[in-house]
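Q:
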Amino acid sequence: MIHDTYSEPVSDPHLVACLDCDLLQRIPDLEPGAIARCPRCDRELWRRRDDVSHRKLPLLLAAALLYLIAISSPMLGISAVGRESSTTVIGGAERLWDDNREGVAVLVLFTAVVAPALQIAFLLAMELAVQGRKPRRWVGSLLRHTPFTRTWSMIEVMMLGVLVALIKISELARVIPGTAMYALGALIFLLAAIQSSFDPRAIWDRVEWAESAVRGRSTPLREQVTP
Amino acid sequence: MSGAAANAMQQGLQTCETCMLLSRPAPDAHAGRCPRCDSAVHFRKPASLQRTWALVLSAAICYVPANVLPVLVTTTSSGTETDTILQGVVLLWSPTGWPLALIVLIASVMIPSAKILAMTYLLFTVQLGSMRNNGQRVRLYRTVELIGRWSMVDVFVATFTAALVQLQPLMSMGPGPGLLFFAAVVVLTMLAVESFDPRLIWDPSSEQEAHDV
């Protein structure tokens, strides 16, 4: 069922309902670094980040570069019986595909290559867009889909998998950690740092509303609700 | 505000799960669209229990072949050997290798089964209208949500092992038929967690409170 009618927003932007227990409550204005939690179920409702947006762009560009290194260079190499070979992430997925494990190959490609690329690209695009002017409508579309990219981007899980594989194979042959492994390790820390200064609520507060494209109004806060 | 705290649904308000904007649907509608971020908004995730049950049961079914069928096939000059997930753990278990075996045991054996059991427990208690241990149950849900992704570890281990150990005719490794089912368990349980609505845990208590007032 498709619902094309926009709902009526409540007038008080501080009034929210907890996503885990639906308790109606008011979020106070927070100091940077402070956290608002639901008093009933302890769910984190808003973590106000320090305003460090001017520092995020170089970090994001570095993350993009590390990502490119991590997917294009060898992850692990092996040296045994006078032969040497190595594999990249994509090479690993290709090998699964050739072995008739197409489903697993697609999953590996999606969680290790596609989703991280989307995650970094979305963050980068939003970072560029929120500087200065009022963020446009498409920023909201990207922001809406960032949780999805975060759920399915599994580079830190892949890192653990690579380490386990490295130790496992080292019992059979000499294993050489590749450039991609170091790039991946650095990327995990960098992305964690970027995510920790990312404040979706702050962007939602400023972004152009979806319905304004249809009805041509910008601040449609009207209805009074007294809980 | 009256004595008991109200939830949004009792006030006829819906919260957007994407941007947390609170809104009221059109007078005769049960759902609408978020005017800020364009997502569909509902009082509760639609058909949450049915969807979650379907996904959890599918995961439980895939769990059997995932553990019985081999995930890794080793071909050497002397023949072919296959390893299931548990055999892989046993093989890794040695005086020096036990930490590694423990990681694989937790990520590949304990997390997937714990996820299926935890989701089943949550579904049962919600359907029975339980009003007890709400806080603990929602914490269980958040834990499952947080650790679920780590069971993908074995898929990556198999991927890199199979791609690297290609020393024909001496020795080669390839992914076994169990790997697809194992990956399916991981994906299905993650989708089950996403389709479950934790607010259902609190609804019976909220109704009771409203009734008492």
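These protein sequences, in sequence, are chains A and B.
Residues are numbered in the numbering used here as their position in the first sequence, beginning at 1, plus a constant of 761.
Residues are numbered in the numbering used here as their position in the second sequence, beginning at 1, plus a constant of 27.
Where a beta carbon is used, it is the ideal one built from N, C-alpha and C, also for glycine.
Since the structure is predicted, the reported quantities are computational estimates derived from the model, not experimental observations.
1) Can you check whether the C-beta of GLY30 (chain B) is within less than 8 Å of a C-beta belonging to chain A?
2) Closer than 8 Å is the cut-off here; do at least three beta carbon pairs connect the stretch 827–843 of chain A with the stretch 922–942 of chain A?
3) Rounded to a whole number of angstroms, what is the C-alpha to C-alpha distance between GLN880 (chain A) and LEU215 (chain B)?
4) I need the DSSP call for ALA795 (chain A), collapsed to helix, strand or coil.
5) What is the C-beta distance between PRO97 (chain B) and VAL213 (chain B), in whole angstroms, given that I count them as a contact (C-beta under 8 Å)?
6) Output, in chain order, the set of chain A residues within a Cβ distance shorter than 9 Å of LEU76 (chain B).
7) Quick check: the stretch 770–790 of chain A against the stretch 32–39 of chain B, are there 3 or more CB pairs under 8 Å?
8) I want to see whether chain B comes within less than 8 Å of ALA795 (chain A), judged by CB atoms only; does it?
9) What's the call for ASN94 (chain B), buried or exposed, on a 16-neighbour Cβ count within 10 Å?
10) Beta strand (DSSP E) containing GLY201 (chain B): first to last residue?
11) Identify every run of the beta strand (DSSP E) within the stretch 812–864 of chain A, keeping only runs that are complete inside it and at least 3 residues long; order them along the chain.
12) Just the C-alpha distance for THR854 (chain A) and ALA941 (chain A), rounded to the nearest angstrom, thanks.
13) Can you find the residues in the same chain that come closer than 7 Å, C-beta to C-beta, to ALA886 (chain A), ignoring five residues on each side of it along the sequence?
14) Short of 6 Å in beta carbon distance, which residues of its chain neighbour ASP960 (chain A), apart from the five on each side in sequence? Order them along the chain.
15) Tell me, please, whether the CB atom of CYS24 (chain B) is closer than 8 Å to any CB atom in chain A?
16) So for THR109 (chain B), helix, strand or coil by DSSP?
17) Taking the runs of the alpha helix (DSSP H) that are 4 residues or longer, which of them lie wholly in the stretch 113–142 of chain B?
18) Helix or strand or just coil, what does DSSP make of VAL243 (chain B)?
19) At the level of alpha carbons, what is the spacing between PRO122 (chain B) and PRO835 (chain A)?
20) Considering only residues of the same chain and omitting the five flanking positions on each side of ALA878 (chain A), which have a CB-CB separation below 7 Å?
21) Could you tell me whether the stretch 183–201 of chain B touches the stretch 922–929 of chain A, where touching means 3 or more Cβ pairs closer than 8 Å?
22) Please state if the CB of MET146 (chain B) and the CB of ARG176 (chain B) are separated by a distance shorter than 8 Å.
23) I'd like to know if VAL771 (chain A) contacts chain B, where contact means its C-beta is closer than 8 Å to some C-beta of that chain.
24) For ALA56 (chain B), which residues from the same chain have a beta carbon less than 7 Å from its beta carbon, with the 5 sequence-adjacent residues on both sides left out?
25) State the start and end residues of the unbroken beta strand (DSSP E) segment that holds PRO938 (chain A).
26) Which residues mark the beginning and the end of the beta strand (DSSP E) in which GLN786 (chain A) is found?
27) Relative to the C-alpha of LEU868 (chain A), which residue among B:SER199, B:PHE209, B:GLN193, B:VAL91 is closest?
28) Would ILE143 (chain B) and ALA86 (chain B) qualify as a contact pair, given that the criterion is a beta-carbon distance under 8 Å?
29) Tell me which residues share the same chain as LEU119 (chain B) and place their Cβ nearer than 7 Å to its Cβ, disregarding the 5 neighbours each side in the sequence.
30) What are the residues that DSSP puts in a beta bridge with SER50 (chain B)?
31) Roughly how many angstroms lie between the CA atoms of MET158 (chain B) and VAL165 (chain B), to the nearest whole one?
32) Could you give the DSSP three-state label for TRP965 (chain A): helix, strand or coil?
33) At a cut of 8 Å, does the stretch 45–53 of chain B reach the stretch 99–106 of chain B through at least three beta carbon pairs?
34) How would you call ALA824 (chain A), buried or exposed, if buried means at least 16 neighbouring beta carbons within 10 angstroms?
35) Does chain A have any CB closer than 8 Å to the CB of VAL192 (chain B)?
36) Out of B:GLN193, B:GLY156, B:GLU221, state which residue places its alpha-carbon closest to the alpha-carbon of GLN235 (chain B).
A: Once the coordinates are examined:
1) The predicted position of GLY30 (chain B) is uncertain, since its pLDDT is 42 and thus under 50; a value taken from the coordinates is nonetheless stated next. Chain A contact via Cβ: absent.
2) Taking 8 Å as the limit for Cβ pairs, the verdict is that the stretch 922–942 of chain A does touch the stretch 827–843 of chain A.
3) 22 Å
4) coil
5) For a cut-off of 8 Å, the C-beta gap from PRO97 (chain B) to VAL213 (chain B) is around 17 Å, too long to register as a contact.
6) Annotation: LEU76 (chain B) has no Cβ neighbours in chain A at a cutoff of 9 Å; minimum Cβ distance is about 16 Å.
7) yes
8) Taking CB atoms only, ALA795 (chain A) has no neighbour in chain B less than 8 Å away.
9) Of the other Cβ atoms in all chains shown, 16 or more fall within 10 Å of the Cβ of ASN94 (chain B); this residue is therefore buried.
10) Per DSSP, GLY201 (chain B) belongs to the beta strand (DSSP E) from 198–202.
11) Every beta strand (DSSP E) stretch that sits fully inside the stretch 812–864 of chain A and reaches 3 residues is listed by chain position as 837–841, 844–848.
12) Sequence check: residue 854 (chain A) is Ala here, not Thr. Distance between the alpha carbons of ALA854 (chain A) and ALA941 (chain A): 15 Å.
13) Only LEU903 meet the Cβ criterion.
14) ARG810
15) Shown here, chain B extends from 28 to 240; a query on residue 24 (chain B) therefore has no answer.
16) strand
17) 125–131
18) No answer is possible for residue 243 (chain B): the residues shown for chain B start at 28 and end at 240.
19) 31 Å
20) Excluding sequence neighbours, ALA878 (chain A) sits near TYR828.
21) Touching, yes.
22) Not closer than 8 Å, so no.
23) yes
24) The answer is none, since no qualifying residue turns up.
25) 935–938
26) 785–787
27) B:PHE209
28) yes
29) Around LEU119 (chain B): LEU127, ALA128, VAL131.
30) A:PRO770, B:GLN41
31) Each residue's Cα considered, the two are about 12 Å apart.
32) helix
33) no
34) Buried, by the Cβ-count rule.
35) yes
36) B:GLY156
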